[in-house]
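Asker: In full-length UniProt numbering, the protein residues as written are 1 to 134. Don't be surprised by glycine CBs; every beta carbon is placed ideally from N, CA and C. I have a structure I would like to understand better, so I am pasting it below and will then ask my questions one at a time.
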Amino acid sequence: FLPTSNFVHVLALGIQHLRHLWSCFQTNLPIFKLKESTVRRRYSDFEWLRNELERESKVVVPPLPGKALLRQLPFRGDDGIFDDSFIEERKQALEQFINKVAGHPLAQNERCLHMFLQDEVIDKNYTPSKIRHT
Numbered sequence: 001f002l003p004t005s006n007f008v009h010v011l012a013l014g015i016q017h018l019r020h021l022w023s024c025f026q027t028n029l030p031i032f033k034l035k036e037s038t039v040r041r042r043y044s045d046f047e048w049l050r051n052e053l054e055r056e057s058k059v060v061v062p063p064l065p066g067k068a069l070l071r072q073l074p075f076r077g078d079d080g081i082f083d084d085s086f087i088e089e090r091k092q093a094l095e096q097f098i099n100k101v102a103g104h105p106l107a108q109n110e111r112c113l114h115m116f117l118q119d120e121v122i123d124k125n126y127t128p129s130k131i132r133h134t
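Structure representation (structure tokens):
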């Protein structure tokens, strides 16, 4: 895509082994060091990001899609967490969540968001801080 103004966009590419969501991040905002990156994230990484943003910023963080605890029960009569429609719904919900967060001007200043979107491995022992425009 070729937007004419500043943009930030995260596309959920797919889910691998029901544990990892592959995401492609693209932006032209100068605050991000990389203009494009592809990372692999687990649901727990999304939980970590949400918790960090709630704790460290003034951003009103949208809710995550719920955990799939009921889908893990036996004898459901469907494929549970392996059901294709569930996987697609989860992928879309996580994509909506991260696009809302990444598009928020205050969240864009948070180091945790930059790590989540651009670093292959998230350092969960990081020191929270703000990113400065360069």
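1. List the whole-angstrom C-beta distance separating Leu-94 from Leu-49, where the pair is believed to meet the contact cut-off of C-beta under 8 Å.
2. In this structure, how does DSSP classify Cys-24 when only helix, strand and coil are distinguished?
3. Using a Cβ-Cβ cut-off of 6 Å (strictly less than) and excluding sequence neighbours within five positions of Pro-25, which residues of its own chain qualify?
4. Going by DSSP, which residues form a beta bridge with Lys-130?
5. Closest to Gln-92 by C-alpha separation, out of Ala-12, Val-8, Ser-5, Lys-100, would be which residue?
6. Give the range of the alpha helix (DSSP H) segment to which Ser-57 is assigned.
7. Looking only at its chain, what residues have a beta carbon closer than 6 Å to the beta carbon of Pro-105, apart from the 5 residues adjacent to it on each side?
8. Are Leu-64 and Phe-86 touching if we call contact CB-CB under 8 Å?
9. Considering only C-alpha positions, which residue in the set Ile-122, Leu-34, Val-39, Lys-35 is nearest to Leu-21?
10. Residues in its own chain within less than 7 Å of Leu-69 by CB, not counting five upstream and five downstream?
11. If you drop the 5 nearest sequence neighbours on each side, which residues of the same chain put their C-beta closer than 7 Å to that of Asn-6?
Answerer: In short:
1. Counted from its first residue, the sequence shown places residue 94 at position 94. Counted from its first residue, the sequence shown places residue 49 at position 49. At roughly 11 Å, the Cβ-Cβ gap does not stay under 8 Å, so Leu-94 and Leu-49 are not in contact.
2. Numbered from 1 along the sequence shown, position 24 holds the residue referred to as residue 24. Strand, per DSSP.
3. Sequence index remark: in the sequence shown, residue 25 carries index 25 (1-based). According to the sequence provided, residue 25 is Phe. The question's Pro does not apply to it. So the list reads Val-10, Ser-37, Leu-117, once near-sequence residues are dropped.
4. Taking the first residue of the sequence shown as 1, we reach residue 130 at position 130. Glu-110, per the DSSP bridge assignment.
5. Indexing the sequence shown from 1 puts residue 92 at position 92. Per the Cα distances, Ala-12.
6. If you number the sequence shown from 1, residue 57 lands on position 57. According to the DSSP assignment, Ser-57 belongs to no alpha helix (DSSP H), since it is labelled neither H nor E.
7. Numbered from 1 along the sequence shown, position 105 holds the residue referred to as residue 105. Answer for Pro-105: no residue qualifies.
8. The residue given as residue 64 occupies position 64 in the sequence shown. The residue given as residue 86 occupies position 86 in the sequence shown. For Leu-64 and Phe-86, no; Cβs fall outside 8 Å.
9. Mapped onto the sequence shown, residue 21 falls at position 21. It is Val-39 whose Cα lies nearest to the Cα of Leu-21.
10. Here the question's residue 69 lines up with position 69 in the sequence shown. Low local confidence applies: a pLDDT of 49 at Leu-69 is under 50, so the model's placement there is unreliable, with the coordinate-based value given in what follows. Contacts found: none.
11. Against the sequence shown, residue 6 aligns to sequence position 6. Same-chain partners within the cutoff: Asn-28, Leu-29.
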